[in-house]
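Per the working numbering, the very first residue in the sequence shown carries number 13; after that it's consecutive.
Only one structure is covered here, and it is reproduced in the block below.
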Amino acid sequence: MIEIPARRGRALRLRNGQKARIVNTNGQQVVDTWALNADDLGEFMSMEHSRVAIGRIIPGVGDALVTNKRRPILTMIEDTSGGIHDTLFAACDRWRYELLGHQGHHDNCTDNLAAAMQELGLAAPETPAPLNLFMNIPVLDGNRVEARAPVSTPGSYVALRAEMDCIIAFSACPQDMIPINGLAMRPTEAHVEVLD
Ligand SMILES: [Zn+2]
C-alpha cells in the first residue's frame, strides 16, 4: 500500500480499468481526490458536472464521476466507509487558513495537489473542485451546510475504477482548525492501493 502522508499529497497513474482503493487508515481523515485525463490535463473530474450526471450531491457505489467534458473518468465501485463524502467544498488553500485566523504558512490541499503532480513531472491547469472522500458536510434544511467529523471507521475504504487512462491525485487534508478531520482536529495519514 502507498502512503498518503499526513498533511501531504500523492499522485499516481491509473490505466483504464485499474482501481484505486483509498483506505481511511485511522478512520477520521478526509482525502481530497482529483482525477485528470492522462492525455489531456485540461480534462479533469468535475464535481459540478458529476452532480448533474448522478442527480445528487454524494456519489455512491455504481456512480460514475465525469469530467468537465461530461465523460466518465472514475466509477465508485466499493464503499465501506458509511457513504458520506463531499462534493461541495473547494480544496483548502492558504487563504482559507488566513480567513480562519491562521498566521504564516499552513499546509493545504491546493499546494499538495501541485506538489504531487510535480513529482510526476506534471502540472494541473487549475485546482479542480475535489471529491472530498470521507468528508461530512451535511446540508441542513435543504440549504445550510455544516462541517462535521467523518462517520468513517479505521480501515474503511472507497474503491474507484478508472474509466480512462488518468492521473489520480490525493491530499490527506491538513485541516486542523475545524473538525472535518475528526473532533481531535489532528490530521493523519491515509493509504491507497492500486488493483488491476
Ligand atoms: Zn484540505
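For glycine and all other residues, C-beta sits at the position ideal for the given N, C-alpha and C.
When you compare the CB positions of residue i and residue j, do they come within less than 7 Å of one another, or not?
i      : j      : result
ASN80  : HIS97  : no
ASN124 : GLY29  : no
PRO199 : ARG19  : yes
GLU3   : ALA184 : Residue 3 lies beyond the stretch modelled for the chain, which goes from 13 to 208, so this question has no answer here.
PRO191 : ASP119 : no
ASN144 : ASP44  : yes
ALA159 : GLY194 : no
MET189 : LEU112 : yes
ALA128 : ALA196 : no
ILE179 : ARG27  : no
ALA50  : ASP177 : yes
Looking at the unbroken alpha helix (DSSP H) that takes in residue i, where does it start and where does it end?
i      : result
VAL64  : 59-66
GLU205 : No alpha helix (DSSP H) contains GLU205, which is instead part of the beta strand (DSSP E) from 202-207.
GLU131 : 121-131
LEU111 : 106-111
Mind checking whether the beta-carbon of residue i lies closer than 6 Å to any heavy atom of ligand 1?
i      : result
GLN187 : yes
CYS178 : no
Counting only the same chain and skipping the five closest in sequence on each side, list residues whose C-beta sits under 6 Å from that of residue i.
i      : result
ALA76  : PRO84, THR87
SER168 : ASN36, THR92, SER93
ARG173 : LYS31, THR87, ILE89
GLY54  : PRO137
Could you please give the first and the last residue of the uninterrupted beta strand (DSSP E) stretch that includes residue i?
i      : result
ASP44  : 43-49
THR87  : 84-91
GLU15  : 14-16
ARG22  : 21-26
CYS178 : 178-184
LYS31  : 31-36
LEU53  : Here LEU53 belongs to no beta strand (DSSP E), and DSSP marks it neither H nor E.
ARG173 : 168-174
LEU134 : Where LEU134 is concerned, there is no enclosing beta strand (DSSP E), given that its DSSP letter is neither H nor E.
LEU77  : 76-78
LEU143 : 143-145
By Cβ distance below 8 Å, which residues in the same chain neighbour residue i in space, the five residues on each side in sequence not counted?
i      : result
PRO71  : SER62, LEU77, MET88, HIS97, THR99, LEU143
PRO243 : This structure leaves residue 243 out entirely; the chain is present only between 13 and 208.
ALA171 : LYS31, ALA32, ARG33, ILE34, MET88, ILE89, GLU90, ASP91, LEU207
Can you list, in chain order, the residues of its chain whose CB lies under 7 Å from that of residue i, leaving out five sequence neighbours each side?
i      : result
VAL163 : GLY94, ILE96, ASN148
MET59  : THR99, ALA141, LEU143
HIS203 : MET13, ILE14, GLU15, ILE16, VAL35, THR37
THR139 : ALA103, THR122, LEU125
ASP105 : ASN120, THR122
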